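Structure record follows, encoded as C-alpha cells.
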Amino acid sequence: EWEKRWSWSFDGYLPVFETARRLQITLVALNVDSEDLGLVELGGFPNLPRERLQRYISDPQGFADFARKRSYKTYVDYVIS
Numbered sequence: 005e006w007e008k009r010w011s012w013s014f015d016g017y018l019p020v021f022e023t024a025r026r027l028q029i030t031l032v033a034l035n036v037d038s039e040d041l042g043l044v045e046l047g048g049f050p051n052l053p054r055e056r057l058q059r060y061i062s063d064p065q066g067f068a069d070f071a072r073k074r075s076y077k078t079y080v081d082y083v084i085s
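Add 4 to the 1-based position in the sequence shown for my numbering, that's all there is to it.
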C-alpha cells in the first residue's frame, strides 16, 4: 500500500527499515490516516467527527494550552512553509 498512502519513494526509507530489522529495533509509525488528514485540510478540526478527533487529541484543553506556545507556532511555521 506504500504507493497509495505516500507521495514519496519507498527507496529513501528502505535503509532505515533494513537497519532497524538488522539491529532488531522496533519502529513506530507516527502519522494520521490520510482520510482524516484530508478532512482537516478541507475544514480544520471541526470537519473531523468527534470520535476520530479524540483518537488524535485525547486532552483538548492540554492541546489548546500547548498550541498557544510560541515554540509550537514556530514549529508549525517551519513544517508548513
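We treat Cβ as the ideally placed atom computed from N, Cα and C, and that holds for glycine.
Since the structure is predicted, the reported quantities are computational estimates derived from the model, not experimental observations.
Legend entry - T23, DSSP secondary structure in three states: By 1-based counting over the sequence shown, the position of residue 23 is 19. Correct three-state label for T23: helix.
Inset, instruction - Confirm, please, whether the CB-CB distance from S38 to R74 is below 8 Å. - result: Locating residue 74 in the sequence shown gives position 70, counting from the first residue. Locating residue 38 in the sequence shown gives position 34, counting from the first residue. In this structure, S38 does not lie closer than 8 Å to R74 by Cβ.
Inset, instruction - State buried or exposed for L43, treating a residue as buried only when at least 16 other CB atoms are found within 10 Å of its CB. - result: The count along the sequence shown starts at 1 and reaches residue 43 at position 39. Around the beta carbon of L43, 16 or more other beta carbons sit within 10 angstroms, so the residue counts as buried.
Inset, instruction - Indicate the three-state DSSP secondary structure (helix, strand or coil) for K73 in the structure shown. - result: Reading the sequence shown from its first residue, position 69 is the one you call residue 73. Of the three classes helix, strand and coil, the one that applies to K73 here is coil, per DSSP.
Legend entry - Neighbourhood of D69 by C-beta, 7 Å cutoff - its chain only, sequence neighbours within 5 removed: Mapped onto the sequence shown, residue 69 falls at position 65. Excluding sequence neighbours, D69 sits near nothing in its chain.
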